[in-house]
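Note sheet for the following structure.
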Amino acid sequence: MRKYETILIAHVDLSEDELTTLIDRYCAVVTGQKGILVKVERWGKRRLAYLIKKQARGFYILIDYAGESAAVNELERNLKIDDKVLKFMTVLKDNAVDADTLQKEIEEAAKKTERKEETRVTASTPPPTAAPDQSPEPIAAKIQQPVPEETQTDVKGGN
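Numbers in my numbering are just positions in the sequence shown, counted from 1, shifted up by 17.
If you want it as structure tokens, here you go:
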């Protein structure tokens, strides 16, 4: 069994439901070919370095999985057909992977997503107000800044 990583760029104008359906469909393709999903990450909306199918922005998704070459072939075949996918790339990460290593990576990925959800919950709750007789603490140091929706890249030689 080999370990692969596929990064795909989807249309930025897809709704959250359509995006979830898209991700679920490709995860089902991998598991249908007896592959094991390690993690699926949504990297968010980003500005593209160049236009792809007349699109300047895209939604990046990472699918990390282990399986045989048949799983990769089937996944790439489906990605080529789908009009919602602008571009994709599959990379071989490891030639031989055992089940214990995969299980550890799956657990680590689950812990990271739990931590992210916990930070979202704590960031969305309002900070407690200080009593009038107590000195106020600097609240700005405690609140995490939200991640920008789109990252800006520096372009050399631009106008």
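We put the beta carbon where it would ideally sit given N, CA and C, even for glycine.
Taken through DSSP and simplified to helix, strand or coil, Glu-85 comes out as coil.
When DSSP states are grouped into helix, strand and coil, Lys-101 belongs to the coil group. When DSSP states are grouped into helix, strand and coil, Gln-50 belongs to the coil group. The Cβ atoms of Thr-23 and Val-114 lie no closer than 9 angstroms to each other.
Relative to the Cα of Ala-127, the nearest Cα in the group Arg-19, Val-57, Thr-48 and Arg-64 belongs to Val-57. If the five residues before and after Glu-91 are omitted, its C-beta is found closer than 7 angstroms to the C-beta atoms of Val-46 and Gln-50, all from its own chain and listed in chain order. Of the candidates Gly-52, Phe-105 and Gly-61, Gly-61 places its Cα closest to the Cα of Thr-37. In the three-state scheme derived from DSSP, where H, G and I count as helix and E and B as strand, Leu-68 is classed as strand. DSSP, reduced to helix, strand and coil, places Leu-92 within a helical segment of the structure shown. Look at Ala-27 here: in three-state DSSP terms it is strand.
Nearest in C-alpha terms to Phe-105, of all of Asn-112, Asp-111 and Asn-95, is Asn-95. One alpha carbon belongs to Glu-35, the other to Ala-88, and they sit about 23 angstroms apart. A distance below 8 angstroms between beta-carbons, with the five flanking residues on each side excluded, links Ala-73 to the following residues of its chain, in chain order: Arg-64 and Leu-65. Residue environment: Tyr-67 is assigned as exposed (fewer than 16 neighbouring CB atoms within 10 Å of its CB, all protein chains considered).
Here the alpha carbons of Leu-119 and Lys-97 stand approximately 28 angstroms from one another. Leaving aside the five residues that flank Lys-20 on each side, the residues in its chain whose CB is nearer than 7 angstroms to its CB run, in chain order, Ala-83, Lys-110, Asp-111 and Val-114.
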